[in-house]
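A.B. asks: Got a structure for you, written out below as structure tokens; questions coming shortly.
Number of protein chains: 2
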Amino acid sequence: MAKSQALESNMDVDYVLTYRFAKTDKATAAAKFERLVEALASVGLDTEVRNGDNHSVLLFVRVASDEHLFGEVYRSRVNDWIHGVRAAAPQKETRESLEAEPLYEAERLRIIYQLITHPKSEGGAGITPKEGEWEEVEAVFALHDHDYNKDWIKKWTSQYILKTEDLDEIRNRLGEKVAFYFAFTQSYFTFLIFPAAFGLSSWLLLGHFSPIYGFVSAIWCTVFTEWWKHQEVELGVRWGVRGVSKMETKRRDFKHEKEITDPITGEKVLMFPSTKRLQRQLLQVPFAIGAAVMLGALIATCFGIEVFISEVYNGPFKSILVFLPTGIATVFMPILTSIFTDFATRLTKYENYETHGAYETALTQKIFVMNTITSYLPIFLTAFVYVPFGTVIVPYLDVFSLTVKPFAEDEKQMQTSHAGFSINPGRLRKQVIYFTVTAQIVNLGMELIVPYLKRQGFAKYKEMQSERAAKNGGAPASPTTSDPPEDAAFLQRVRKEAELGVYDVTTDLREMVLQFGYLSLFSVVWPLTAVSFIINDWLELRADAIKICVEMQRPIPWRADTIGPWLDSLSFLTWLGSLTTSALVYMFSNDGLGPSGHPKNLTGWALLLTVLLSEHIFFLARWGIRVGISKLASPGLEKERRERYLVRKQYFEENLSQMQRIPKMADKGVEISRESLEEDARRSSLKTSSPEERFWERQRGWRETVQVGRSLIERAEGGNSTEGKKDL
Amino acid sequence: MAKSQALESNMDVDYVLTYRFAKTDKATAAAKFERLVEALASVGLDTEVRNGDNHSVLLFVRVASDEHLFGEVYRSRVNDWIHGVRAAAPQKETRESLEAEPLYEAERLRIIYQLITHPKSEGGAGITPKEGEWEEVEAVFALHDHDYNKDWIKKWTSQYILKTEDLDEIRNRLGEKVAFYFAFTQSYFTFLIFPAAFGLSSWLLLGHFSPIYGFVSAIWCTVFTEWWKHQEVELGVRWGVRGVSKMETKRRDFKHEKEITDPITGEKVLMFPSTKRLQRQLLQVPFAIGAAVMLGALIATCFGIEVFISEVYNGPFKSILVFLPTGIATVFMPILTSIFTDFATRLTKYENYETHGAYETALTQKIFVMNTITSYLPIFLTAFVYVPFGTVIVPYLDVFSLTVKPFAEDEKQMQTSHAGFSINPGRLRKQVIYFTVTAQIVNLGMELIVPYLKRQGFAKYKEMQSERAAKNGGAPASPTTSDPPEDAAFLQRVRKEAELGVYDVTTDLREMVLQFGYLSLFSVVWPLTAVSFIINDWLELRADAIKICVEMQRPIPWRADTIGPWLDSLSFLTWLGSLTTSALVYMFSNDGLGPSGHPKNLTGWALLLTVLLSEHIFFLARWGIRVGISKLASPGLEKERRERYLVRKQYFEENLSQMQRIPKMADKGVEISRESLEEDARRSSLKTSSPEERFWERQRGWRETVQVGRSLIERAEGGNSTEGKKDL
């Protein structure tokens, strides 16, 4: 079998499980392996085992028969319908239902993944990779579709703008969650065109800190945020996933305190008192303060050292020493961040949420707080501490003279010059440019190059290891020797994919949201920000596609109907932007020197007033934009409404057809004639009946009512009301 | 039949229609009457006609048979289910369904009312009182249940606090819309206990304009508003009406511009372009400005005259003349208000809303704007114009000297004294007391006494009229002479009820919301406000009950799941309260004389800053309160959730039971034995099969996978990986 073919065919494999038994003794490993295979077989999966890398085997899995799969698909669709994701119940004949609405690849893979991982009580095999009983199952992953990947990358790199169909294709292959990320980035990219153009002209014509640019930029950020909310709904309907985020999956780690038997449903409900959770959530306050203080201290220290070296220090190696704080930050920031991320994860676990959704939201919020501090604090320090208070603070930066002591030639080089210190007005702009250009490029590079180098190094290392083993006379440790020759190429490919990382879409989303933050918060400092971002994001979209195809295992195609808690972050950043932009405009309106030519003339109350008024304008504008966007035609919602209407109508008709309809009124009216008068006589003899009966018996049938009514109407005028009294 | 009995029995009458033909010629009136009776009979209603007051007849209506009614009830319940108001579809056997969930009186009356008024296409008789074809149908009303009314009033007047069961009783009798008003007023009343107690102690200990009182009061207002939102949901679930407000009823007056055939549903949809509506809605801006200017001018004029007379004028009749502006306001305010209300109604009609809900909301908003101006502007003028700018403005009030010229003895009496004018710090408090005590009492009196006097006067007038007619020798015009003696008392009662007004719950709701506004906006001026309100509201709740029972026709029992747009007004007033309270505290913190002992020292920016900061504290507090209240246990939502769960579960089980389940895996595994080796040989001959087939055929069944896996695991360590290669 030629290598090119091996790349093309996935051998009908749906999923590969890596079973690693390095830390388990062989007997247990073998017994557990048996349980694993049995569990998979019990839910209708075919299995094949092959040798893996050292101390691991690869377990290949596919659905045994189409009937099994169709059953699961039907189950999943019925479940969707019950949770309101679908308007109508799927047809009862599975095959017909599938013909009406064919299975797409992501759906298929998701359903099989759920079959493997769902607990037994929900009809799955209950395999939980890396957890509990299944610690040895290192990974469950699908194989890349190399043909499609090649096409995808080729198409994207030769195309400027992505169409909705391109996003549909991603959704069909990689699932809605990943597709939502690409849709968001694509929308953001398209929206960036305007601020890039406006920013460029404003940079040329209006200069920095232009209030006009600030206002337009704030409005644009709001429009984008609100429009994306609208777009999320549209995409959700288009992809048939609206409401999916409300289908809550229980967390396995949830620890209950009480078990209550629900009096109505009779089910056992696991409870965790919400007051207790609230108490635990209160720990977020010290956590946030701690993170803010520690990260803030690190950033402030680096900032202080940097200011000291660049503005005060006057000795040798200045041009090199200036990178010292960056070095400190590069070393310590990741350490601190990972400590706090770990802490945040523990804290969120301790908060003991019942559902995955709640857990994710709580974790994202904590991480967002940390990211906000690390991303924006440096610029905040420059804008709101260094500039207004620089002349006061800088002389105290002598404490950082320690850092340069070994290099300084005399004490004078480390003291503020007697002529007095004056702040460097270009610092803020330089910093913004650093964060919006340099840092973005570095980031993009890191994302693509570092994993590549890592993989190359790892391959090299393994090669060397096996060479050494060969030299030492041992049999080569490589598992490839035991491969059947015809599968060798395929298995080699699978082993490589098994070594790849797991793609986490939230990291990429976070990156985009943080980038949006720079635009919203600080672009008034340097209006070209959006120009830099638009170039960066064009590359980013493609780089992410390549990353998914080459650097990562094929992602599990989860569903989503939103970008989740990041949407709140977006709103938050837009709001914060209305504050910072107005503050910056006020403070630097005379190109960095305050409204009256000198930053000293800033008054606190005027700044506060500017900020608060601008915030109110923002609230007003946001309300207007929301109203405007809600009036936009929404074909998605229209479609949903119509579908639901049709379903309702059908139910209604089905139900009412079985109901007895009101029979057409019996024509009970009788002409007033001799007979009816006789009847009157008979009636008056029936005095034994109740007053109610007598009241209603005076006029039999509607025709009599009409006749009596007519006579009443005719006699109304003229006072001849004594006539005809009897026939009432 | 004794009179007491006549009061008790409603003769099984469900509704009474007043058919007045004074303005129609007799032939047309008779023909229309026939059509009316026929239409009613065609939907299964029994009819009886009796003479009414001059130029009218009373048409009594009841459901002909229980089967008719049950059919309609079932229809209505299925419709509820389809719109998501009910979790489960009602049972198909109507009788069973009714036994499981008995009909309550309000439901019965509502369904019959809908039977009378719904268009023919929806299965009703299409009677539209006072409109179009049915102009002669003056009113459709149900008869009071005098027994229940007597009990109700007796119970309420002897009870301090109303229980939820009392509200349930109202809901069962008068429908959810009226019940929601009583529930709201009752909740508000209960919540008032705290600010009344706190206000009293703060009045004794802290004095006026206490920042502590202001803060607590603002928090309380927010808690109440947010808590009521929570309570609405609870009551909605309790009364089974949650989601009812989303069931939109089309407006008959809606004029479409286009008729589009929906491509999916195939239904004809009447369209009115929303851009055109938006253009028409823009007329609200001149309307609001016009109303504000005109009403504001009237109020400002009265205010100016009042200030002039009380503070400048020094001549005779001062004590009487001081009431002149009140007189002007009393005469012109109702005229202006009714003109603008009429205008608002026309404007809302012109805006051409498709549904009743949208129409009501738009109208309520306009009326709320007007009410806000008339209710709060006088106090605003005092607080924010008179006090800070009084010394500047008052000398110019000479223009109002015209009003007192006839009474003044010399010019001096109408000029500001030379010693200079000083503002009257007690004016603001007096005004607040006037609006929160005097005006409330007057209002309550007007509600009860004026209609009583009106009825008495009308009865007297009719008596006189018939006396005069008798004197003139004509036959008495009274219709009672044609009554059958046994029904006479009953008919007399019905004629009286026909003359009563129609109860409009929104008027009462508006009154409460406006009262809440005084508390939220100005209670910091006079902390006893809540004490006055608590007394007033205890009476108000009872007075409203009496009003409904005695002064008004029995209300049509509409459903509702909210107090509607007034909820937004409540939120608005709470927000505005956070601004006014802080402004008042800042301006009058030294008991009416500004922070530095003199109102002149007020600075605009400090005031603005106070207000804006306090607003932010309010936003923060509101967010906290919302989070807190959302954590409250919600038995209603719990119940709803459970019900929906049960329904889902049932559907799920019904659907999946029909699905073919995955058969337990066939035990395809074969022991590795001689036979299997032979099989291997056979297999290798099958080289014609595809690589995929060959890949999956290496291990037949899960047992073989396990065996191969075991051997792979065992051979992993030690490098003896060359063994057993063949059986892979």
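As you go down the protein sequences, you meet chains G and V in turn.
Numbering of the first sequence is given in UniProt numbering, commencing with residue 1 and proceeding in unit increments.
Numbering of the second sequence is given in UniProt numbering, commencing with residue 1 and proceeding in unit increments.
Beta carbons are placed, not taken as given, at the ideal position from N, Cα and C, and that holds for glycine.
(1) Does G/S578 pass the burial test, meaning 16 or more other C-beta atoms within 10 Å, or should it be called exposed?
(2) Can you confirm whether the segment 96-107 of chain G touches the segment 165-177 of chain G when touching is taken to mean that 3 or more C-beta pairs between the two stretches lie within less than 8 Å?
(3) Alpha carbon to alpha carbon, how far is G/N79 from V/P451?
(4) Leaving out five residues before and five after V/L200 in sequence, what residues of the same chain have Cβ atoms less than 7 Å from its Cβ?
(5) Measure from the C-beta of V/K26 to each C-beta in chain G and report whether the shortest distance is under 8 Å.
(6) Would a check of beta-carbon distances place V/I672 closer than 8 Å to chain G?
(7) Run the CB neighbour count on G/S689, radius 10 Å, all protein chains shown included, and call it buried at 16 or more, exposed below.
(8) Comparing the C-beta of V/E692 with each C-beta of chain G, is any distance below 8 Å?
(9) Entirely within the segment 53-105 of chain G and at least 3 residues each: give me those beta strand (DSSP E) ranges in chain order.
(10) Can you tell me where the beta strand (DSSP E) with G/R20 in it begins and where it stops?
(11) Look at V/R698 and G/E48 and say whether their C-beta atoms are less than 8 Å apart.
(12) Looking at the C-beta of V/T574, does it have a partner C-beta in chain G at a distance below 8 Å?
(13) Within the same chain, show all residues whose beta-carbon is closer than 7 Å to that of G/R20, passing over the 5 residues directly before and after it, in chain order.
(14) Comparing the C-beta of G/R20 with each C-beta of chain V, is any distance below 8 Å?
(15) I want to see whether chain G comes within less than 8 Å of V/A125, judged by CB atoms only; does it?
(16) Which residues in chain V sit within 7 Å of G/T705, going by Cβ to Cβ distance?
(17) Return the CA-CA distance between G/D342 and G/E99, expressed in angstroms with no decimal places.
(18) Among the residues of its own chain, which have a CB less than 7 Å from the CB of G/Q114, if the five just before and after it don't count?
(19) On a CA-only basis, which of V/F287, V/V241, V/K155 and V/L514 is nearest V/Y376? Give me that one, please.
(20) I need the straight-line Cα distance from G/V442 to V/T581, nearest angstrom please.
(21) What does a CB cutoff of less than 7 Å around V/S187 pick up in its chain, not counting 5 residues either side in sequence?
(22) Find the nearest neighbour of G/I393 within the set G/T261, G/V307, G/L613 and G/D25, judged by alpha-carbon distance.
(23) Can a CB atom of chain V be found closer than 8 Å to the CB of G/Y188?
(24) Take every Cβ of the segment 530-547 of chain V, pair it with every Cβ of the segment 329-338 of chain V, and state whether three or more of those distances are shorter than 8 Å.
(25) Could you tell me whether the segment 281-290 of chain G touches the segment 379-387 of chain G, using the rule of 3 or more Cβ pairs below 8 Å?
(26) Is the shortest distance between the beta-carbon of G/E714 and the beta-carbons of chain V less than 8 Å?
(27) Is it a yes or a no for the segment 237-253 of chain G touching the segment 68-84 of chain G, going by three-plus beta-carbon pairs under 8 Å?
(28) What are the start and end residues of the alpha helix (DSSP H) that includes G/E499?
(29) Check the Cβ-Cβ distances between G/K246 and every residue of chain V, and say whether any is below 8 Å.
(30) Please list, in chain order, the chain V residues whose beta carbon lies closer than 7 Å to that of G/D487.
(31) In or out: G/S121 buried (at least 16 other Cβ within 10 Å) or exposed?
(32) Kindly list, in the order they appear in chain V, the residues whose Cβ is closer than 7 Å to that of G/Y651.
(33) Suppose only complete runs of 4+ residues qualify. What are the alpha helix (DSSP H) ranges in the segment 137-177 of chain V, listed by chain order?
(34) What residue ranges within the segment 546-614 of chain G form continuous alpha helix (DSSP H) runs of no fewer than 4 residues, ordered along the chain?
(35) Work out the CA separation of V/L324 and V/L500 for me, nearest whole Å.
(36) Check whether the Cβ of V/M271 sits closer than 7 Å to any heavy atom of the ligand SAM, and report yes or no.
C.D. replies: So, from the listed chains and residues:
(1) The residue labelled residue 578 of chain G in the question sits at position 578 within the first sequence. Buried is the call here.
(2) yes
(3) Here the question's residue 79 of chain G lines up with position 79 in the first sequence. Here the question's residue 451 of chain V lines up with position 451 in the second sequence. Going by the C-alpha atoms only, they are around 59 Å apart.
(4) Indexing the second sequence from 1 puts residue 200 of chain V at position 200. Here the set comprises L528 and V531.
(5) If you number the second sequence from 1, residue 26 of chain V lands on position 26. So yes, V/K26 belongs to the interface.
(6) Translated into the one-based positions of the second sequence, residue 672 of chain V becomes position 672. Residue confidence is low: V/I672 scores 46 on pLDDT, short of 50, so the model does not pin down where it sits. Its coordinate-derived value is still stated next. Chain G, which has no Cβ nearer than 8 Å to the Cβ of V/I672, makes this no.
(7) In the first sequence, counting from the first residue as 1, residue 689 of chain G sits at position 689. Classification for G/S689: exposed.
(8) Your numbering for residue 692 of chain V matches position 692 in the second sequence. Answer yes: the Cβ-Cβ gap between V/E692 and chain G drops below 8 Å somewhere.
(9) 56-63
(10) Here residue 20 of chain G corresponds to residue number 20 of the first sequence, with the count starting at 1. It spans Y15 to R20 - the beta strand (DSSP E) in which G/R20 sits, taken as one unbroken run.
(11) Taking the second sequence and counting its residues from 1, one reaches residue 698 of chain V at position 698. Taking the first sequence and counting its residues from 1, one reaches residue 48 of chain G at position 48. Yes; because the gap between Cβ atoms is below 8 Å, this pair is in contact.
(12) In the second sequence, residue 574 of chain V corresponds to position 574, counting from 1. By this cut-off, V/T574 is not an interface position.
(13) Locating residue 20 of chain G in the first sequence gives position 20, counting from the first residue. Excluding positions up to five away in sequence, the list reads H55, S56, E136 and E138.
(14) Here residue 20 of chain G refers to the residue found at position 20 when the first sequence is read from its first residue. It does not: the Cβ of G/R20 has no partner Cβ on chain V nearer than 8 Å.
(15) Residue 125 of chain V sits at position 125 when you count from the first residue of the second sequence. Not an interface residue.
(16) Your numbering for residue 705 of chain G matches position 705 in the first sequence. Those within 7 Å of G/T705 in chain V are V37, T47, E48 and V49.
(17) Counted from its first residue, the first sequence places residue 342 of chain G at position 342. Counted from its first residue, the first sequence places residue 99 of chain G at position 99. In a straight line, the C-alpha of G/D342 is about 47 Å away from that of G/E99.
(18) Taking the first residue of the first sequence as position 1, residue 114 of chain G is located at position 114. Answer for G/Q114: G124, listed in chain order.
(19) In the second sequence, the residue the question calls residue 376 of chain V occupies position 376. Among V/F287, V/V241, V/K155 and V/L514, the Cα nearest to that of V/Y376 belongs to V/L514.
(20) Position 442 of the first sequence, counting from 1, holds the residue named residue 442 of chain G. Position 581 of the second sequence, counting from 1, holds the residue named residue 581 of chain V. G/V442 and V/T581: Cα-Cα distance of roughly 52 Å.
(21) Within the second sequence, the letter at position 187 stands for residue 187 of chain V. Once the five neighbours on either side are set aside, the close Cβ partners of V/S187 are W228 and Q231.
(22) Taking the first residue of the first sequence as 1, we reach residue 393 of chain G at position 393. Checking every option, the nearest Cα to that of G/I393 belongs to G/V307.
(23) Residue mapping note: residue 188 of chain G aligns to position 188 of the first sequence, counting from 1. No - not a single Cβ of chain V is within 8 Å of the one on G/Y188.
(24) no
(25) no
(26) For the purposes of this step, residue 714 of chain G is taken as residue 714 along the first sequence, with counting starting at 1. It does; some Cβ of chain V falls within 8 Å.
(27) yes
(28) As a position in the first sequence, residue 499 of chain G is number 499, starting the count at 1. Note, G/E499: alpha helix (DSSP H), A488 to E499.
(29) Here residue 246 of chain G refers to the residue found at position 246 when the first sequence is read from its first residue. Closer than 8 Å: no.
(30) Locating residue 487 of chain G in the first sequence gives position 487, counting from the first residue. Ordered by position in chain V, the residues that pass the 7 Å Cβ test against G/D487 are F695.
(31) Here residue 121 of chain G is taken as the residue at index 121 of the first sequence, counted from 1. Counting Cβ neighbours within 10 Å, G/S121 comes out exposed, since fewer than 16 surround it.
(32) Residue numbering aside, residue 651 of chain G sits at position 651 when the first sequence is read from its first letter. Ordered by position in chain V, the residues that pass the 7 Å Cβ test against G/Y651 are I82.
(33) 146-157 and 164-174
(34) 566-588
(35) The residue given as residue 500 of chain V occupies position 500 in the second sequence. The residue given as residue 324 of chain V occupies position 324 in the second sequence. Each residue's alpha carbon lies about 35 Å from the other.
(36) The model on display carries no ligand, and the ligand SAM is accordingly not part of it.
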